[in-house]
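Comments concern the structure below.
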Amino acid sequence: MEPILNYINGEFLPSTSGRTMETVNPANGQPITTLPRSSADDVELATAAAHEATPSWSATTMEERITWLHRIADALEEEAETIAQLESMDTGKPISLARRVDAARSVSNFRFFADFGKSHTEPTFADHGAVNHVHRSPIGCVGLITPWNLPLYLLTWKVAPALLMGNTIVAKPSELTPMTANHLAKILTSINFPKGVFNLVHGLGPEVGQAIVEHPEIRGISFTGGTATGKIVAATAAPMFKKLSLELGGKNATIVLDDAPLEDVMDGIVRASFTNSGQVCLCGSRVLVDASIYDRFKAMFVEAVNTIRVGDPTLEATVMGSVISKDHQTKVESYIELGRQEGGVVLTGGTAAESPVDDVPSEGAFLRPTVIEGLSYTARTATEEIFGPVVTLHSFNSEQEAIDMANATQYGLAGSVWTADTERGHAFAQRMDTGIVWVNTWLNRDLRTPFGGVKQSGVGREGGTWSLNFFSELTNICVQQP
Ligand code: TXE
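Residues 189 to 670 (this note's numbering) are what the sequence shown spells out, left to right.
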């Protein structure tokens with residue numbers, strides 16, 4: 189495939205150094221193409237282009253920007269199949285998932301914020317003869333840094349509101365998954381989107397991402413990625429008083445209460461555990477089950493997990509493809525081994541060597557879904573983020589114990605509660621120390637809602653009004669009759 193290039197001021201350019209990197213298809217280990225290994229010099233070029241474009245773009249009206257968002261959504265929709273194919277090739281995820289989740293949500297991110305912008309009105313506050321008007325203006329140029337698990341889904345989740353609010357952008361996708369960001373740039377070119385408003389710089393995090401966070405003319409950073417990287421980004425941005433939104437890691441609990449109708453909820457619990465090979469920060473990686481139904485749940489859960497079709501991501505019937513890379517496969521396998529060392533028993537799955545996937549290249553980074561029981565809920569395997577197709581199974585004897593177990597990690601992103609009594613589930617959810625809780629469902633997303641976590645899962649919220657607030661500055665104008 190043609191080499192991927194940076195996208196600066198509406199032009200596709202190599203890195204100023206000419207250096208490149210290779211991106212690989214993790215399902216077969218084959219190189220796909222090259223991408224620029226950019227540096228701070230390229231970030232400087234991109235930021236200068238964004239700076240140049242800011243006055244005219246921020247002077248456009250909300251209506252004009254809403255029209256552009258719909259045009260982008262229309263063009264993404266026309267290219268949905270190409271996007272799904274590129275995303276599947278770049279990440280190893282099944283084509284069915286790339287269509288249903290990645291490509292579809294990239295379109296709806298633009299459609300949602302276009303419609304949300306149209307319906308959004310600013311409040312006024314009248315008191316003692318004065319009227320206060322909330323006035324929203326762009327931040328200016330913002331830096332968007334995104335991870336490899338949902339590449340275009342998470343990039344467009346930030347691009348859409350950033351554009352709606354009149355900002356210009358310097359974006360950096362993960363170096364592991366540059367393909368669909370590149371395709372978005374091609375789409376913007378094809379619809380004559382104003383040059384310099386959206387810029388893309390490819391490369392390594394410490395070289396390009398770091399330069400974006402450090403650049404004095406990039407006034408806000410929206411970062412999605414691992415907690416360890418989030419700490420570096422925060423340490424760099426904080427003394428510069430930049431606006432900062434951090435969506436970081438998770439170690440989410442799936443809690444099965446004693447009255448859960450297991451036949452009805454099992455599919456949802458398996459999806460929560462293994463969607464995208466567990467490479468979704470919202471996945472439930474710890475399954476906590478009431479002791480009174482543990483044995484019945486365990487048998488049904490393992491049986492359901494064993495029906496997951498793992499294999500070639502290009503096949504329609506495949507439910508689970510490869511993980512993102514051989515390195516990540518090795519990291520996940522190290523946690524399976526750690527689970528055993530910590531006293532866990534592998535009920536199904538395991539390392540690639542002990543539980544091979546049929547009919548896939550040995551160079552592919554494939555792992556079968558793995559369930560480990562018998563671990564303390566404080567074990568490293570049960571508290572550290574694995575970000576792969578591995579869940580640990582635990583039982584509890586009371587709701588209070590379930591809450592204590594669920595809240596016993598450094599993370600606080602999401603969780604799910606499964607019960608026949610939704611009021612009980614809602615009350616239970618309020619005691620969970622996370623940013624998001626689903627009751628009898630999972631990854632059920634209303635884009636108007638606040639999205640984000642607490643503790644080491646991040647700072648801030650995005651979604652609906654929370655995205656508008658992050659990607660704009662507010663001025664309160666108080667008007668008094670003379
Ligand atoms: O993250 P990394 P990855 C988390 C998930 C997992 C991780 C996987 O929990 O831990 O993301 O994604 C760039 N300065 N979430 O491995 O390594 C890097 O190049 C600036 C949570 O990609 O943190 C990439 O573009 N940037 C999330 C991006 O940061 C730097 C949902 C993320 O890389 C950098 C999805 C630096 N020093 C994944 N170093 C959620 N909470 O929603 C690297 N990068």
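Idealized CB from N, CA, C, for every residue including glycine.
{"Query": "Cβ neighbour criterion (16 or more within 10 Å) applied to residue 508", "Result": "buried"}
{"Query": "Residue span of the alpha helix (DSSP H) that contains residue 410, given as start and end", "Result": "Where residue 410 is concerned, there is no enclosing alpha helix (DSSP H), although the beta strand (DSSP E) it sits in stretches over 408–412."}
{"Query": "Under 9 Å between C-beta atoms of residue 664 and residue 321", "Result": "yes"}
{"Query": "Contact check, residue 280 vs residue 553, beta carbons under 9 Å", "Result": "yes"}
{"Query": "For residue 508: DSSP bridge partner residues", "Result": "498"}
{"Query": "Given residue 296 as reference, the closest of 249, 401, 346 once Cα atoms are compared", "Result": "346"}
{"Query": "Distance between beta carbons of residue 353 and residue 656, contact taken as under 8 Å", "Result": "6 Å"}
{"Query": "Segments assigned alpha helix (DSSP H), at least 4 residues, entirely inside the segment 538–610", "Result": "568–571, 587–594"}
{"Query": "Burial state of residue 583 (16 or more Cβ within 10 Å)", "Result": "buried"}
{"Query": "Backbone CA spacing between residue 450 and residue 525 [nearest angstrom]", "Result": "30 Å"}
{"Query": "Spatial distance of residue 251 from residue 200 (CA atoms)", "Result": "29 Å"}
{"Query": "Distance, residue 382 Cα to residue 256 Cα", "Result": "10 Å"}
{"Query": "Residue 512 classed as buried or exposed, judged by whether at least 16 other C-beta atoms fall within 10 angstroms", "Result": "buried"}
{"Query": "The ligand TXE heavy atom lying under 8 Å from the CB of residue 336", "Result": "yes"}
{"Query": "Any 3 or more C-beta pairs closer than 8 Å across the segment 260–271 and the segment 420–435", "Result": "no"}
{"Query": "Unbroken alpha helix (DSSP H) run spanning residue 527, endpoints", "Result": "514–529"}
{"Query": "Complete alpha helix (DSSP H) runs within the segment 300–359 (minimum length 4 residues, chain order)", "Result": "339–352"}
{"Query": "Buried versus exposed, by CB contacts within 10 Å (16 or more), residue 360", "Result": "buried"}
{"Query": "Bridge-paired residues (DSSP) for residue 279", "Result": "DSSP output for residue 279 lists no bridge partner at all."}
{"Query": "Rounded distance between the beta-carbons of residue 327 and residue 659, thought under 8 Å", "Result": "6 Å"}
{"Query": "Cβ-based neighbour list, residue 488, same chain, cut-off 7 Å, excluding 5 preceding and 5 following", "Result": "450, 454"}
{"Query": "Where the beta strand (DSSP E) through residue 433 begins and ends", "Result": "431–435"}
{"Query": "Residue 259 - containing alpha helix (DSSP H), residue span", "Result": "250–266"}
{"Query": "Rounded C-alpha distance that separates residue 194 from residue 461", "Result": "36 Å"}
{"Query": "Cβ-Cβ distance between residue 571 and residue 486 below 9 Å", "Result": "no"}
{"Query": "Any non-hydrogen atom of the ligand TXE within 8 Å of residue 411 CB", "Result": "yes"}
{"Query": "Counted within 10 angstroms of its Cβ, other Cβ atoms place residue 379 as buried (16 or more) or exposed", "Result": "exposed"}
{"Query": "Meets three-Cβ-pair contact criterion under 8 Å: the segment 358–376 and the segment 335–350", "Result": "yes"}
{"Query": "Bounding residues of the beta strand (DSSP E) (the contiguous stretch that carries residue 478)", "Result": "472–478"}
{"Query": "Residue span of the alpha helix (DSSP H) that contains residue 460, given as start and end", "Result": "450–462"}
{"Query": "Whole-Å CB distance - residue 412 paired with residue 435, under 8 Å assumed", "Result": "4 Å"}
{"Query": "Alpha-carbon spacing of residue 594 relative to residue 580, whole angstroms", "Result": "12 Å"}
{"Query": "At least three beta-carbon pairs within less than 8 Å, the segment 276–294 to the segment 414–425", "Result": "no"}
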